[in-house]
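Written below as structure tokens is the structure these notes are about.
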Amino acid sequence: MAAETDTRNRNPLVRDDASGTGLVAAGAVGLSALLFVVSLAVLFQAVDLTDAVAGVPVVTLLGGGLVVLGAATVAFGVGSRLGFVETEPQASAGMLAGVVFAATWVVVAGLVASQTLGLGTAGWLVASLAVGGGVFALSVGTREDVGSTVPAGALAAMAGLVFLAGIIGPEWVWDLGFEQKASFTGGFTVPTVTLFCSLVAGWASAKAYGGFGARGRHTGAYTLVYLNAGSIVGVLFLLLAFTVFKGISGLVNGFAVGLGAGPESTIVLLGQSISWEWPFYLPFVMNGVGLTNDFNGVLPAIVGTVWLVVGAVLFAVPLGVGAAVFLTEYAERGRFTQAVEVATNGLWSTPSIVFGLFGFAFLIPRFGNGKSLLSGMLTLGFMLLPLVVITSREAMLSVPDEYRDASAALGVTKWQTIRSVVLPAALPGVVTGIILGVGRIAGETAPILLTMAGGVFVPGSQTPDVIGGFAFTSTPPFVENPVLLDAASALPYQLYALITAGVGASGNVANPDEFKWATALVLLVVVLSFYAIGIAARYYFRRELNQ
Amino acid sequence: MSETTQTPTESQQNTTTTGEPETTAGETEEQVREEWRDYQFAGEAKLSVEDLDVYYGDDHALKGVSMDIPENSVTALIGPSGCGKSTFLRCLNRMNDRVKSARIDGSVELDGEEIYQEGVNLVELRKRVGMVFQSPNPFPKSIAENISYGPRKHGDIETGLLARLLGRSNEDERDELVERCLRDAALWDEVSDRLDDNALGLSGGQQQRLCIARCLSVDPEVILMDEPASALDPIATAKIEDLIDDLSEHYTVVIVTHNMQQAARISDQTAVFLTGGELVEYDDTEKIFEQPESQRVEEYISGKFG
Amino acid sequence: MGVEKAARVLRGIRDSLEDEEPAAVATVGVMAGALLASLVGFLLVSSLTIVPFGIFVVTAGYGWLRHQELTAKTLALAMTVSTILILLLITAFIFREAVPVIEYETATVFGVAVPGLRLFIQPEWEAVTPPVRYSMVPMIHGTVLVTLIATAVAAPLGIAAALFISEIAPAPVREAVKPGVEILAGIPSIVYGFIGFTILSPWASDQFQILGQGTYLFVGIVVGLMALPTVVSVAEDALASVPESMKSGSLAMGTTDWQTMTSITLPAAFSGVSAAVLLGVGRAIGETMAATVMLRGVPRLTDPLYNAFYGQETLTSLIARNYGEAEGLQMSALFVAGVILFITVLFLSIGSQYIEARMRSKLGGEQ
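Those sequence lines, one after another, are chains A, B and C.
The opening position of the first sequence corresponds to residue 398 in our numbering, with each subsequent residue numbered one higher.
The opening position of the second sequence corresponds to residue 27 in our numbering, with each subsequent residue numbered one higher.
The opening position of the third sequence corresponds to residue 5 in our numbering, with each subsequent residue numbered one higher.
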């Protein structure tokens with residue numbers, strides 16, 4: 398049978414992590430993180446390359462940092478190879494690392510040979526292939542500790558030396574010689590190259606910190622994956638923070654709190670009119686644009702968006718839930734349900750502008766030949782429909798069959814079972830899905846562009862009043878609602894109109910730029926509140942179900 | 027590596043194997059435990075567990091379990107479901123680390139080395155303490171690749187383009203390994219002509235033996251088995267049981283089972299866990315099944331509860 | 005074959021109706037007829053549509069009160085049919101509107117007149133001065149460039165993020181990152197476009213010394229960011245569907261988490277992950293507003309073709325930018341762009357569904 402106990406080749410169970418050499422690798426990882434952050438700051442122009450920190454220009458700091466980082470990385474790898482550092486490297490850094498290193502060095506060598514040394518096509522081709530081949534051989538042919546650190550460290554060190562020597566500096570420009578002119582400038586190249594080198598060298602030193610081998614690769618890969626996740630969250634945060642930062646001043650313009658500060662609102666319900674005064678005044682969301690206004694706002698667009706969403710939901714939800722009921726509860730699972738599934742998924746990924754075109758060709762001629770609120774509602778309803786079908790179906794499918802069987806065993810009819818067992822159990826999923834879908838359509842611009850339109854600066858008098866608009870007539874179609882058939886504005890459309898209107902158009906708005914950002918912020922708040930509610934609802938329902 | 031042995035318990039005297047045939051009604055469980063704690067098996071302890079507590083959130087799943095597991099023998103862990111025997115098993119190769127809510131207190135030593143101390147190399151630990159799961163879980167790869175997966179990940183087997191380029195390819199070694207492991211798992215004769223077929227095409231029993239073969243491929247010292255036959259039919263179960271018997275010549279096998287006949291058939295010593303995560307009795311299998319000390323164990327064995 | 009099938013379906017319907025009360029069947033029949041009539045009326049742009057629709061509402065209400073069982077079933081069926089009908093209508097209408105320009109741009113190859121061919125073989129878009137020429141080539145070029153760049157951003161980052169959420173992140177971090185990704189999907193495209201237009205475009209012009217504003221490169225990056233959440237959520241589902249026992253099996257062999265991910269989880273979920281990328285590509289192709297506000301709106305090829313520093317026009321932005329003043333043939337040309345988008349994305353969607361279904365049956369087969 399199997400090998401005898403004494404032939405088992407074992408590494409120690411416990412690894413001593415406290416060695417001082419690990420500090421070198423950890424320091425290198427830290428240095429790459431620092432370089433990463435600084436080059437991002439340069440890229441976003443928070444810091445200029447020529448700014449001096451402690452008397453040294455930033456470009457020199459980056460160059461110096463890269464040289465130190467490269468040297469540390471190489472030193473650790475070579476030290477491990479020579480046995481000064483205790484690691485557990487594998488025999489080779491692996492194909493993937495080899496290919497990535499080789500490709501990078503092919504590009505570097507090609508650029509140096511063709512641009513710096515001015516070799517001809519044959520010359521730079523030979524040079525870059527030779528270097529690339531050499532790097533490939535080095536990274537896969539030597540033990541992992543050398544193969545994964547030396548090419549990375551050398552790259553960082555070389556880039557650093559180029560920056561230090563001033564070969565590529567803030568003033569450097571490389572004209573690509575395209576017919577449509579474009580160049581690489583030092584202001585872009587230096588931080589971008591630093592970014593890339595710090596990633597590569599950071600990965601290599603993270604790997605070294607993990608002691609190479611399986612654990613080293615694990616550490617290296619995790620560093621990159623964590624960085625990626627962090628960056629995504631960072632970008633999200635930046636986007637939100639930036640919009641808030643730019644939009645908040647326009648939004649709170651003229652804000653006042655106190656009894657009697659706000660405008661009066663009236664609602665007519667069953668002949669009874671109810672009026673109240675808002676205890677605060679936020680003109681941007683309570684006014685339209687007008688000559689006599691102290692502060693202008695986007696009230697018509699907000700109301701338009703609300704009605705759009707209401708209309709789309711009224712259209713899509715009954716239709717979608719009904720279709721989902723039929724597909725899950727009545728129809729035999731087979732070709733037909735499969736076809737509908739493919740169709741709904743296809744509809745869901747259809748570009749929104751195509752829905753716009755459809756609305757333009759199909760709905761507009763049927764609703765008075767003009768862009769209208771009703772066309773916009775239905776177009777967005779068409780968009781929302783597949784999502785309602787998909788999420789409702791998922792929610793109903795996840796209702797266990799035992800519920801249905803139990804109900805059927807009591808002699809309850811199918812529809813009663815659906816109504817009193819399936820639908821209530823599926824409700825949380827359906828509701829969550831609808832809220833998230835509404836968030837998406839509330840922010841859509843493309844479909845309403847072609848079907849609803851509206852103005853750039855919309856006066857308060859154009860705030861749609863759908864309920865008050867209904868009237869009965871003696872000719873078919875007997876009911877009319879001019880408000881539904883009028884063009885109306887919505888937040889995303891208004892933002893688009895503001896952007897494309899350019900600098901010249903200002904209406905009566907004193908500060909169009911502020912107005913735009915504030916519109917963007919209001920749109921973001923409206924859409925993200927739907928998302929927040931949807932996500933919160935999901936958490937709430939999930940917790941309820943788990944109890 | 028180091029073959030330092032450790033004295034399993036302080037007392038060298040065997041006080042429990044002879045004595046009164048009946049469990050004395052007045053004897054408390056504490057006393058029973060005191061008695062079997064002096065249980066002395068032949069051979070040396072491979073694993074020794076001391077005061078192991080496991081909590082899942084607020085749930086105290088294992089309560090102060092202590093036991094030594096002898097080398098190259100089969101130790102069965104039996105008990106009703108929910109008694110913590112699987113939890114115990116998964117502590118022995120730290121698979122419970124995967125469970126985010128789990129908190130583990132106490133000590134587990136493998137050849138005298140604490141596996142719950144700082145800086146333990148989980149890769150090394152799990153190479154030495156292999157595991158076979160309740161339902162067969164072959165990878166969606168070929169039969170041969172399933173076997174060579176572990177050694178390849180540990181860098182012992184290298185095949186493929188790069189290895190061939192560098193002249194390090196050891197395909198012969200791989201083929202040998204695959205054959206040896208499959209033979210050891212009594213599967214070779216059934217699959218030798220279709221080593222490149224997807225492992226998911228095998229029957230349940232074959233899949234489970236493949237998983238055992240896969241476990242052998244990294245040459246472990248201890249094999250943990252979590253109800254390895256519970257998802258199999260009687261014939262496949264019989265094959266697995268024969269296999270376990272063969273394996274115990276070279277490996278320390280710890281097997282969780284809810285099937286008492288199975289425990290009686292294959293194990294050298296048996297530990298009985300009862301509801302609440304307590305180890306109630308641990309002794310030679312024969313003794314447990316014929317003359318258990320504890321009243322509760324006797325009731326459990328005779329099928330009165332559990 | 006088809007007739008037989010139809011007959012079988014009809015027989016099935018008759019059989020199922022036989023058990024019902026005649027009154028219920030009659031109600032449902034009137035309801036269905038009225039609904040059909042309103043559909044026809046609507047398609048014919050008749051103002052009398054309201055009459056059959058009113059009848060439908062009344063009979064449906066009556067049926068709901070008196071014969072709820074059958075009415076509910078019929079309504080549900082009608083809703084299903086409407087959903088399919090909408091897809092068919094979309095197809096029919098955008099194709100119909102696209103026909104004139106396809107006829108106009110007929111090209112002759114070897115003596116055979118191929119309608120619409122000239123849309124794809126010459127790169128000039130000249131909508132004003134004669135000879136008026138419409139071409140999809142510049143827009144297809146733009147869409148391809150943007151989609152390539154967007155995929156290069158969204159695919160690797162999205163898969164890495166999906167791995168992070170599904171396999172790596174500790175529970176509290178996951179609870180924070182997952183909604184974050186969803187919110188990223190929630191930010192309206194026009195807001196992305198606005199930030200791109202006011203911040204990124206001027207910055208890019210400055211950094212790359214480009215004449216004017218608008219580059220495919222940055223449109224691609226922004227669109228990639230917008231496609232990212234799609235990739236993340238679909239890929240995460242695929243990764244989560246790999247059975248835990250398989251992952252434990254690998255870990256128990258002493259492999260690291262990373263090795264388990266790359267050698268077991270990712271290969272097992274490979275088809276699901278590629279479906280995620282396909283869907284992301286579909287999102288990127290269809291993205292409209294960010295492209296519209298960030299691009300130049302001049303339909304021409306960039307020079308050289310791989311010069312992504314200049315952004316001209318994509319299929320989507322062509323439509324969004326020109327629908328206003330377009331008439332006749334030009335409007336029809338916009339519909340051609342819509343048809344191309346619709347078909348491409350539909351194929352991507354069907355392709356990814358097929359791949360996902362295959363993966364599900366493969367992974368499901370072993371359980």
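From the three backbone atoms N, C-alpha and C, an ideal C-beta is built for every residue, glycine too.
Interface partners of residue i on chain C, CB under 7 Å
i, result
"Phe-159 (chain B)", "Ser-249, Ser-252, Gly-253"
"Tyr-928 (chain A)", "Glu-186, Ile-187, Gly-190"
Chain A residues whose Cβ lies nearer than 7 Å to that of residue i
i, result
"Arg-152 (chain B)", "Correct list: empty, because the minimum Cβ distance to chain A is about 11 Å."
"Trp-262 (chain C)", "Arg-614, His-615, Ala-618, Tyr-619"
"Met-83 (chain C)", "Leu-716, Gly-719, Ala-720, Phe-723"
"Met-293 (chain C)", "Thr-842, Ala-843, Tyr-893"
"Pro-183 (chain C)", "Ile-932"
Contacting residues, own chain, Cβ-Cβ under 8 Å from residue i (five flanking each side not counted)
i, result
"Val-704 (chain A)", "Note on identity: in this sequence residue 704 (chain A) is Trp, with Val being the wrong assignment. Closer than 8 Å at the Cβ level, and outside the excluded window around Trp-704 (chain A), lie Leu-770, Met-774, Pro-861, Val-863, Ala-885."
"Ala-294 (chain C)", "Ser-193, Ile-194, Tyr-196, Gly-197, Gly-200, Val-223, Val-226, Val-227, Met-230"
"Val-570 (chain A)", "Ser-580, Phe-581, Thr-582, Gly-583"
Sequence-distant residues of its chain with Cβ nearer than 6 Å to residue i (five each side left out)
i, result
"Val-654 (chain A)", "Phe-677"
"Leu-561 (chain A)", "Gly-460"
"Glu-48 (chain B)", "Confidence at Glu-48 (chain B) is low in this model, with a pLDDT of 43, below 50, so the placement of that residue is unreliable and no value is reported for it."
"Ala-324 (chain C)", "Thr-292, Thr-296"
Per-residue contacts from residue i into chain C (C-beta, under 9 Å)
i, result
"Ser-886 (chain A)", "Simply none; closest approach about 13 Å."
"Met-121 (chain B)", "Ser-252, Leu-255, Ala-256"
Within chain B, partners of residue i - CB distance below 8 Å
i, result
"Leu-410 (chain A)", "Leu-136, Glu-139, Ile-141, Val-146, Asn-147, Glu-150, Leu-151, Arg-154"
"Thr-202 (chain C)", "Per Cβ cutoff of 8 Å: no residues; Thr-202 (chain C) is ~43 Å from chain B at best."
"Ala-180 (chain C)", "Here the premise fails: no neighbours, minimum Cβ distance about 15 Å."
Coarse secondary structure for residue i, derived from DSSP in three states
i, result
"Ser-245 (chain C)", "coil"
"Trp-569 (chain A)", "coil"
"Lys-251 (chain C)", "helix"
"Asn-983 (chain A)", "Any question about residue 983 (chain A) goes unanswered here, given that chain A covers just 398 to 944."
"Gln-321 (chain B)", "helix"
"Phe-165 (chain B)", "coil"
Contacts that residue i makes with chain A (C-beta to C-beta distance below 9 Å)
i, result
"Leu-192 (chain B)", "Ala-488, Ser-489, Val-537, Gly-538"
"Asn-311 (chain C)", "Leu-573, Phe-575, Glu-576, Gln-577, Ala-579"
Proximity test, residue i beta-carbon vs the ligand COA heavy atom, cut-off 6 Å
i, result
"Gln-211 (chain C)", "Of ligands this structure carries none, so the ligand COA is not represented either."
Cutoff 7 Å; reference residue i; Cβ partners in own chain excluding five residues on either side
i, result
"Leu-232 (chain C)", "Ala-158, Leu-161, Gly-162, Leu-188"
"Arg-200 (chain B)", "Ser-174, Ile-183, Thr-185"
"Ile-54 (chain C)", "none"
"Gly-45 (chain B)", "Only weak support is given to the placement of Gly-45 (chain B): the predicted model assigns it a pLDDT of 40, under 50, and the question is left unresolved by the model."
"Glu-115 (chain B)", "Sequence check: residue 115 (chain B) is Leu here, not Glu. Closer than 7 Å at the Cβ level, and outside the excluded window around Leu-115 (chain B), lie Leu-103, Leu-250, Asp-252, Val-280, Val-282."
Interface residues of chain B facing residue i [CB-CB closer than 9 Å]
i, result
"Ala-611 (chain A)", "Val-149, Lys-179, His-180, Gly-181"
"Met-780 (chain A)", "Chain B residues near Met-780 (chain A): none, gap ~38 Å exceeds 9 Å."
"Ile-268 (chain C)", "Phe-165, Pro-166, Lys-167, Tyr-175"
Contact list for residue i against chain B, beta-carbon separation under 7 Å
i, result
"Ala-175 (chain C)", "Lys-126"
**Prompt:** When the Cβ atoms of the stretch 148 to 161 of chain C are set against those of the stretch 226 to 234 of chain C, are three or more pairs found closer than 8 Å?
**Reply:** yes
Chain-ordered residues of the stretch 94 to 118 of chain C with a beta carbon less than 8 Å from chain A: So the list reads Ile-94, Phe-97, Ile-98, Arg-100, Glu-101, given in the order they occur along the chain.
Item to complete: Give a yes or no on contact between the stretch 129 to 137 of chain B and the stretch 237 to 245 of chain B, applying the rule of three or more CB pairs nearer than 8 Å.
Response: no
_Tell me which residues of the stretch 500 to 531 of chain A have at least one Cβ-Cβ distance to chain C shorter than 7 Å, keeping chain order._
none
Practice item. Report yes or no: do the stretch 121 to 135 of chain C and the stretch 202 to 213 of chain C share at least 3 C-beta pairs separated by less than 8 Å? Key: no
For the 8 Å Cβ check, are there 3 or more pairs between the stretch 745 to 762 of chain A and the stretch 92 to 111 of chain C?
yes
Please list the residues of the stretch 577 to 602 of chain A that have a C-beta atom closer than 8 Å to any C-beta atom in chain C, keeping them in chain order. Gln-577, Lys-578, Ala-579, Ser-580, Phe-581, Thr-582, Gly-584, Phe-585
query: Are the stretch 255 to 270 of chain C and the stretch 327 to 338 of chain C in contact at 8 Å, needing three or more beta carbon pairs?
result: no
Please name the residues in the stretch 338 to 359 of chain C whose beta-carbon is closer than 8 Å to at least one beta-carbon of chain A, in chain order. Only Leu-338, Phe-339, Gly-342, Leu-345, Phe-346, Val-349, Leu-350, Leu-352, Ser-353, Ile-354, Gln-357 from the stretch 338 to 359 of chain C bring a Cβ to less than 8 Å from some Cβ of chain A.
* **Meets three-Cβ-pair contact criterion under 8 Å: the stretch 287 to 306 of chain C and the stretch 317 to 327 of chain C** => yes
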